[in-house]
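Report on one structure; see the data block that follows.
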Amino acid sequence: MASRIVIAGAGLAGLRAAQAARAAGHEGEIVLVGDEPHAPYTRPPLSKQLLAGEQTAADCTFPGLDTLQAELRLGAPVVGIDPAVHAVTLDGGEALDYARLIVATGCRARPLPTAAVARASRPDGTALSPGVPSVRDPGVHTLRDLDDAHRLAAALSSTTHLAIVGAGFLGCEVAATARARGLEVTLIDIAAQPLPPLGPVLGARIAQLHREHGVALRLGVGVAGTTSEHGRLTGVALTDGTTVEADHLLVAVGALPNTEFLADSAIELALDGGIVCDATLTSVSDPDVLAAGDVAAWPHPGAGGERVRVEHWTTAAEHGRLAGANAVREPGERIAHVAPPYFWSDQYDLKLQSVGFPARAARIEIVDTEASRGRLAAEALDDNGRLVGAVTFNHARRLADYRRRLAADTVAA
Amino acid sequence: MKVHVDMNLCQSHGECVLAAPDVFELGDDDVLTWVQDADESQRAEVQEAVDVCPMMAIRIED
Chain D
1 MASRIVIAGA GLAGLRAAQA ARAAGHEGEI VLVGDEPHAP YTRPPLSKQL LAGEQTAADC
61 TFPGLDTLQA ELRLGAPVVG IDPAVHAVTL DGGEALDYAR LIVATGCRAR PLPTAAVARA
121 SRPDGTALSP GVPSVRDPGV HTLRDLDDAH RLAAALSSTT HLAIVGAGFL GCEVAATARA
181 RGLEVTLIDI AAQPLPPLGP VLGARIAQLH REHGVALRLG VGVAGTTSEH GRLTGVALTD
241 GTTVEADHLL VAVGALPNTE FLADSAIELA LDGGIVCDAT LTSVSDPDVL AAGDVAAWPH
301 PGAGGERVRV EHWTTAAEHG RLAGANAVRE PGERIAHVAP PYFWSDQYDL KLQSVGFPAR
361 AARIEIVDTE ASRGRLAAEA LDDNGRLVGA VTFNHARRLA DYRRRLAADT VAA
Chain Z
1001 MKVHVDMNLC QSHGECVLAA PDVFELGDDD VLTWVQDADE SQRAEVQEAV DVCPMMAIRI
1061 ED
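So the protein lines, in turn, are chains D and Z.
Number 298 in the working numbering belongs to position 298 of the first sequence; there are no gaps in the numbering.
If you want the working numbering, it's the 1-based position in the second sequence plus 1000.
So this is what it looks like as structure tokens:
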């Protein structure tokens, strides 16, 4: 096959797909199309080292771009597709035909859902903007890309009190980074504990960790709006009638797949916007369209064969490698993605690691602790007591053992 | 084939240990050790380790 492969999305998954397609022997053109002006870069430091000022954008750029045998088109996303004629349209109108298309467009920050409660005025007389804080409002941020990170880093250097809505991994990591920079931090979530996918027992430990580091936790409460004075954010109004003082607000309530350009096409999307794929990351609607990373919804043996969508760094890397190689193969020869999902999170001195599907477990049991080293190992079990995932704190070797075990179980299944 | 790991960057994710178990190993203290002079036959798995390292800490020096 010596005609063009187009890869929509120039993040980790897209870059790895380009490299893998070439390594698999593709001799034709490879065009990697990105919406951002930046060369492909790694995102995990955006909430940590880059936000802390320890790393620069240059440190985040992926190595190997100088030897990448592909054409990089940056700053112009794919905005349309016509699968019948095998062509995509870029922003600006240019059409690119393809023999195979790999969609690796990633996610964008999810806006806050409409608040349940809105009040017109506050007892203390400050102005209240009821409803959903938006990034168009002064002092309100989301964090997905390099430009977001630079804006937030600048804000952190001129602020005293940061409020964060969403105690997921991103919110928790930014809370830790901001505390290390000496800011007052309030972490708000409608859930009863941080990191709900890890279950209440581990969530309570994470809550305690943040309290010990001086974060004010406001759990089990929603956001009603923001307060401002002279056009500057002064606080976040909560659904219990209280107001949290803040001059900047980070909204970190999850992400949505960037697949709108497929919405009116023949390519089937799941309800959440994921691209409905088979086990080989091939669209069920079109064998010449593959997906990689955040946007792929594919059946996973570790989830009982149900389709999952996984937004982890490692899955994007693995998907990119596989989708790039599979794009060079004919449909019947393609390989399935079966590796159990892995992710990590760094907060203060904690390295949290997880493998498998703890969020789908019937229960999560702590099986080992070593308090002096801050170590913990927990197993995620299904109704039959079968291991479906594992979580460790500061115990990388143990987690690697669980990854091997779950990978072997998956192959055996 | 020389395998170089920047231990200032390494955070013991263990990706390389899974990609190339004959080359990389995590000790009980979670500190990485590796074969610095790996066999040419291990190039593909070491390249995979390079690609999947979240910290971009591994380099192959020919």
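Beta carbons are placed, not taken as given, at the ideal position from N, Cα and C, and that holds for glycine.
On a predicted model such as this, the values are computed, not experimentally measured, just so you know.
Can you confirm whether the stretch 1005-1022 of chain Z touches the stretch 367-382 of chain D when touching is taken to mean that 3 or more C-beta pairs between the two stretches lie within less than 8 Å?
Verdict: no, contact absent.
At a Cβ cut of 8 Å, what residues of the stretch 1022-1053 of chain Z count as close to chain D, listed as they run along the chain?
L1026, G1027, D1028, D1030, E1048, D1051, V1052
Looking at chain D, is there any beta carbon in it that lies within less than 9 Å of the beta carbon of E1015 (chain Z)?
As a position in the second sequence, residue 1015 (chain Z) is number 15, starting the count at 1. It does; some Cβ of chain D falls within 9 Å.
For M1001 (chain Z), would you say it is in contact with chain D, using Cβ-to-Cβ distances shorter than 9 Å as the test?
Here residue 1001 (chain Z) refers to the residue found at position 1 of the second sequence. With respect to chain D, the C-beta atom of M1001 (chain Z) has no partner C-beta closer than 9 Å.
For a contact defined as C-beta to C-beta under 9 Å, what are the partners of K351 (chain D) on chain Z?
Within the first sequence, residue 351 (chain D) is the residue found at index 351, counting from 1. In chain order: Q1011, S1012, H1013, D1030.
Taking 9 Å as the threshold (C-beta atoms), are Y98 (chain D) and D288 (chain D) in contact?
Stepping through the first sequence from its first residue, residue 288 (chain D) is reached at position 288. Stepping through the first sequence from its first residue, residue 98 (chain D) is reached at position 98. Cβ atoms of D288 (chain D) and Y98 (chain D): closer than 9 Å.
To the nearest whole angstrom, what separates the beta carbons of V215 (chain D) and A175 (chain D), a pair I think is in contact under 8 Å?
The sequence position of residue 215 (chain D) within the first sequence is 215, counting from 1. The sequence position of residue 175 (chain D) within the first sequence is 175, counting from 1. Right, their Cβ atoms sit about 5 Å apart.
Using a Cβ-Cβ cutoff of less than 7 Å, which residues in the same chain neighbour L281 (chain D) once the five nearest sequence positions on both sides are dropped?
The sequence position of residue 281 (chain D) within the first sequence is 281, counting from 1. Closer than 7 Å at Cβ, skipping near neighbours: L290, A291, A292, A296, W298, H319, L322, A323, N326, H337.
Let's see if you can read the secondary structure: which residues bound the beta strand (DSSP E) around D189 (chain D)?
Looking up residue 189 (chain D) in the first sequence gives position 189. D189 (chain D) -> beta strand (DSSP E) spans 184-189.
What does a CB cutoff of less than 8 Å around P133 (chain D) pick up in its chain, not counting 5 residues either side in sequence?
On the first sequence, position 133 is the one that residue 133 (chain D) refers to. Within the same chain, L112, V140, V165, V223, G225, T226, V236, L249, V251 come within 8 Å of P133 (chain D) by CB-CB distance, once the 5 residues on both sides are set aside.
Sort out for me which residues DSSP pairs A380 (chain D) with in a bridge.
Here the question's residue 380 (chain D) lines up with position 380 in the first sequence. In the DSSP output, where bridge partners are listed per residue, A380 (chain D) has D:I364, D:G389.
If you scan the stretch 248-295 of chain D from start to end, which runs of the beta strand (DSSP E) of 3 or more residues do you find wholly inside it?
248-251, 255-257, 289-291
How close, in whole Å, do the beta carbons of D146 (chain D) and L51 (chain D) come, if the pair is a contact with beta carbons under 8 Å?
Along the first sequence, one-based indexing puts residue 146 (chain D) at 146. Along the first sequence, one-based indexing puts residue 51 (chain D) at 51. Residue identity check: residue 146 (chain D) is Leu in the sequence provided, not Asp. L146 (chain D) to L51 (chain D), Cβ: 11 Å. No contact.
Could you name the residues of chain Z that W298 (chain D) contacts, counting a contact when the two beta carbons are closer than 7 Å?
Residue 298 (chain D) sits at position 298 when you count from the first residue of the first sequence. Here the premise fails: no neighbours, minimum Cβ distance about 19 Å.
Please state whether DSSP places G332 (chain D) in a helix, a strand or coil.
Translated into positions along the first sequence, residue 332 (chain D) becomes position 332. In the structure shown, G332 (chain D) falls within a helical segment according to DSSP collapsed to helix, strand and coil.
Taking only the alpha-carbon atoms, compute the straight-line gap between G25 (chain D) and I335 (chain D) and give it to the nearest angstrom.
Here residue 25 (chain D) is taken as the residue at index 25 of the first sequence, counted from 1. Here residue 335 (chain D) is taken as the residue at index 335 of the first sequence, counted from 1. Each residue's alpha carbon lies about 16 Å from the other.
Compare the beta carbon distance of A317 (chain D) and G1014 (chain Z) with 9 Å and say whether it is the shorter of the two.
As a working note, residue 317 (chain D) is residue 317 in the first sequence. As a working note, residue 1014 (chain Z) is residue 14 in the second sequence. Pairing A317 (chain D) with G1014 (chain Z) gives a Cβ-Cβ distance that is not under 9 Å.
Is it right to say H312 (chain D) is buried, meaning 16 or more other beta carbons lie within 10 angstroms of its own, or is it exposed?
Numbered from its first residue, the first sequence carries residue 312 (chain D) at position 312. With 16 or more other Cβ atoms within 10 Å, it is buried.
What are the boundary residues of the beta strand (DSSP E) that G235 (chain D) is part of?
Here residue 235 (chain D) corresponds to residue number 235 of the first sequence, with the count starting at 1. It spans 232-238 - the beta strand (DSSP E) in which G235 (chain D) sits, taken as one unbroken run.
Look up A115 (chain D) in the DSSP assignment and say whether it is helix, strand or coil.
In the first sequence, residue 115 (chain D) corresponds to position 115, counting from 1. With a pLDDT of only 45 at A115 (chain D), under 50, the local geometry of the prediction cannot be trusted, and the value read off the model is given with reservation. In the structure shown, A115 (chain D) sits in coil (DSSP, three-state: anything other than H, G, I, E or B).
With DSSP as the reference, please indicate the residues paired to L152 (chain D) in a beta bridge.
As a first step, residue 152 (chain D) must be located in the first sequence, where it is residue number 152. Partner(s): none; L152 (chain D) has no beta bridge.
Use the C-beta contact count for D1028 (chain Z): other C-beta atoms within 10 angstroms, 16 or more gives buried, fewer gives exposed.
In the second sequence, the residue the question calls residue 1028 (chain Z) occupies position 28. So D1028 (chain Z) ends up on the exposed side.
Apart from the five residues just before and just after T61 (chain D), which ones in its own chain have a Cβ nearer than 6 Å to its Cβ?
One-based indexing of the first sequence puts residue 61 (chain D) at position 61. Contacts found: A39, Y41.
Going along the chain, which unbroken runs of the beta strand (DSSP E) with 3 or more residues stay wholly within the stretch 43-121 of chain D?
71-74, 78-82, 87-90, 95-97, 100-103, 107-109
Quick check: what's the CA-CA separation for A246 (chain D) versus T186 (chain D)?
Numbered from 1 along the first sequence, position 246 holds the residue referred to as residue 246 (chain D). Numbered from 1 along the first sequence, position 186 holds the residue referred to as residue 186 (chain D). Cα to Cα, the separation comes out at about 8 Å.
On the three-state DSSP scale, how would you describe P123 (chain D)?
Translated into the one-based positions of the first sequence, residue 123 (chain D) becomes position 123. Residue confidence is low: P123 (chain D) scores 48 on pLDDT, short of 50, so the model does not pin down where it sits. Its coordinate-derived value is still stated next. P123 (chain D): coil per DSSP, three-state reduction.
Use the C-beta contact count for E379 (chain D): other C-beta atoms within 10 angstroms, 16 or more gives buried, fewer gives exposed.
Along the first sequence, one-based indexing puts residue 379 (chain D) at 379. With 16 or more other Cβ atoms within 10 Å, it is buried.
Here's a check: name, in chain order, each residue in its chain whose Cβ is nearer than 7 Å to the Cβ of V273 (chain D), leaving out the five neighbours to either side.
The residue you call residue 273 (chain D) lines up with position 273 of the first sequence. The amino acid at residue 273 (chain D) is misidentified as Val; the sequence shows Gly. So the list reads L256, P257, T259, once near-sequence residues are dropped.
What do you get for V6 (chain D), buried or exposed, if any count of 16 or more other CB atoms within 10 angstroms of its CB means buried?
Taking the first sequence and counting its residues from 1, one reaches residue 6 (chain D) at position 6. That one is buried.
Within 10 Å of its beta-carbon, does S157 (chain D) have 16 or more other beta-carbons around it, so buried, or fewer, so exposed?
Taking the first sequence and counting its residues from 1, the one referred to as residue 157 (chain D) is at position 157. By the 10 Å Cβ count, S157 (chain D) comes out exposed.
Against chain D, does M1056 (chain Z) count as a neighbour if the rule is that its beta carbon must be under 9 Å from one of theirs?
By 1-based counting over the second sequence, the position of residue 1056 (chain Z) is 56. Closer than 9 Å: yes.
In chain order, what residues of the same chain have a beta carbon less than 6 Å from the beta carbon of R43 (chain D), not counting five sequence neighbours either side?
As a first step, residue 43 (chain D) is located in the first sequence; it is residue number 43 there, counting from the start. Hits under 6 Å: none found.
Could you run through the stretch 33-55 of chain D and flag, in chain order, every residue whose CB is less than 8 Å away from some CB of chain Z?
T42, P44
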